[in-house]
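Chains A and B, in that order, give the protein sequences. The first sequence maps to residues 61 to 191 in this note's numbering. The second sequence maps to residues 61 to 191 in this note's numbering. Comments concern the structure below.
2 protein chains.
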Amino acid sequence: MYICNMELIEHDKRKCPTHFSTGECKTRLLPVKDALDILSGKWKLQIILSLTFGKKRFKQIQREIPGLTPKMLSKELKELEMNELASRHVYDTSPVTVEYELTAYGKTLKPLIGELHKWGSKHRKRIIARK
Amino acid sequence: MYICNMELIEHDKRKCPTHFSTGECKTRLLPVKDALDILSGKWKLQIILSLTFGKKRFKQIQREIPGLTPKMLSKELKELEMNELASRHVYDTSPVTVEYELTAYGKTLKPLIGELHKWGSKHRKRIIARK
DNA sequence: GATACCGGTATACTTTAGGAAACCGGTATA
DNA sequence: TATACCGGTTTCCTAAAGTATACCGGTATC
């Protein structure tokens, strides 16, 4: 669930190029897919970005991101939690208060997103310039 | 087509947190989404990896990647071409020979994939260790 | 003359991601 | 007593991604 299924990129010696050792297919691609899975999807990035500015409550996140339904937000937050990237704190107030926060581990995504941003910016310029 | 649609992350001052200047939503997220779009999908990574080992012919790529249908391969190669990441060379042999190759620009993806790999490997260890 | 390879395309189908709307118990507010 | 907010869940539906299968013209092989 949290990590990419081995079988998806199972190696077949007869079919993979000789450059690929049996383990190489797996060890090269699976972790990359894991990282991509965590960041791709329609809302994940925006939710993560929203949380980089501090703790947020459920409805607060939803209001900040136009179009985001509670169903999707709930699903994505659960995934972030399962991956230990965000934490959920319930306070015994009335009505109940729930806060979500990026974990220290979750913050390690920042430089990675930074790299994607760098490459993406250059690409954007290149493609726009071409037209 | 090649780059992420602006409207998807259109900014709404009333709904975004005050930390976000109007331009920040766009300039932060769109390039990241562009980069993710290029790498995500079921086959893109494997095709790119296959091409990092040198020129390849259509059927050759298909044979190397079990389960990949010609329709998907064709679609993905076109996208790589449109993004100037791969080039297509047709040779007037019989039967016709077509070779695909990563462009110099396409090779700039390597360090980015490397970063995803680094983060993903750590994540994989972390999640597996927990169980 | 039949079969197989090349580089694909076309059509129809299934599966997955995401959206719309209604709803839940509990509490506060008018 | 009615309405609204909180943090979600449930159900049903659409749209997008991906799969299966057959097919194309051209050439080479048996």
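Don't be surprised by glycine CBs; every beta carbon is placed ideally from N, CA and C.
Quick test of your reading: residue i and residue j, contact by CB under 8 Å. State the CB separation rounded to the nearest angstrom.
| i | j | result |
| --- | --- | --- |
| Thr163 of chain B | Ala146 of chain B | 6 Å |
| Arg148 of chain B | Glu139 of chain B | In fact, because the Cβ distance is near 12 Å, the residues do not count as touching under 8 Å. |
| Leu89 of chain A | Leu105 of chain B | 6 Å |
| Lys115 of chain B | Tyr165 of chain B | Actually they are not in contact, since the Cβ atoms of Lys115 of chain B and Tyr165 of chain B sit about 16 Å apart, beyond 8 Å. |
| Arg117 of chain A | Thr153 of chain A | Not quite, the Cβ-Cβ distance comes to about 11 Å (not below 8 Å), so this is no contact. |
| Thr112 of chain B | Lys185 of chain B | Actually they are not in contact, since the Cβ atoms of Thr112 of chain B and Lys185 of chain B sit about 24 Å apart, beyond 8 Å. |
| Trp103 of chain B | Leu137 of chain B | The Cβ separation is near 10 Å, so there is no contact. |
Between which two residues does the beta strand (DSSP E) holding residue i run?
| i | result |
| --- | --- |
| Leu162 of chain A | Thr157 to Leu162 |
| Ser134 of chain B | Unbroken run through Ser134 of chain B is the alpha helix (DSSP H), Pro130 to Met142; no beta strand (DSSP E). |
| Ser154 of chain B | No beta strand (DSSP E) holds Ser154 of chain B; DSSP gives it neither H nor E. |
Regarding residue i and the ligand HEM, is the C-beta to nearest heavy atom distance less than 7 Å?
| i | result |
| --- | --- |
| Pro91 of chain B | The ligand HEM is absent from the structure shown, which contains no ligands of any kind. |
With a cut-off of 8 Å, does the C-beta of residue i fall near any C-beta of chain A?
| i | result |
| --- | --- |
| Val92 of chain B | yes |
| Gly166 of chain B | no |
| Glu139 of chain B | no |
| Ile107 of chain B | no |
| Glu175 of chain B | yes |
| Leu128 of chain B | no |
| Trp227 of chain B | Nothing about residue 227 of chain B can be reported from this structure: the residues present for chain B run from 61 to 191 only. |
| Leu172 of chain B | yes |
Starting from residue i and walking both ways along the alpha helix (DSSP H), at which residues does that stretch end?
| i | result |
| --- | --- |
| Ser181 of chain B | Leu169 to Arg190 |
| Ser100 of chain B | Per DSSP, Ser100 of chain B belongs to no alpha helix (DSSP H) and is neither H nor E. |
| Phe118 of chain A | Phe118 to Glu124 |
Checking contacts by CB at 8 Å: is residue i closer than that to chain B?
| i | result |
| --- | --- |
| His149 of chain A | no |
| Ala95 of chain A | yes |
| Arg184 of chain A | yes |
| Arg88 of chain A | yes |
| Leu162 of chain A | no |
| Leu99 of chain A | yes |
| Leu195 of chain A | There is simply no residue 195 of chain A to check, as chain A begins at 61 and stops at 191 in what is shown. |
| Leu133 of chain A | no |
| Ser181 of chain A | yes |
| Ser81 of chain A | The predicted model places Ser81 of chain A with a pLDDT of 45, which falls under 50 and marks its position as unreliable; any figure quoted below should be read in that light. No, Ser81 of chain A does not count as interfacial toward chain B. |
Three CB pairs or more closer than 8 Å across the stretch 128 to 143 of chain A and the stretch 174 to 183 of chain A: no
Any 3 or more C-beta pairs closer than 8 Å across the stretch 87 to 95 of chain A and the stretch 117 to 129 of chain A: Segments in contact, no.
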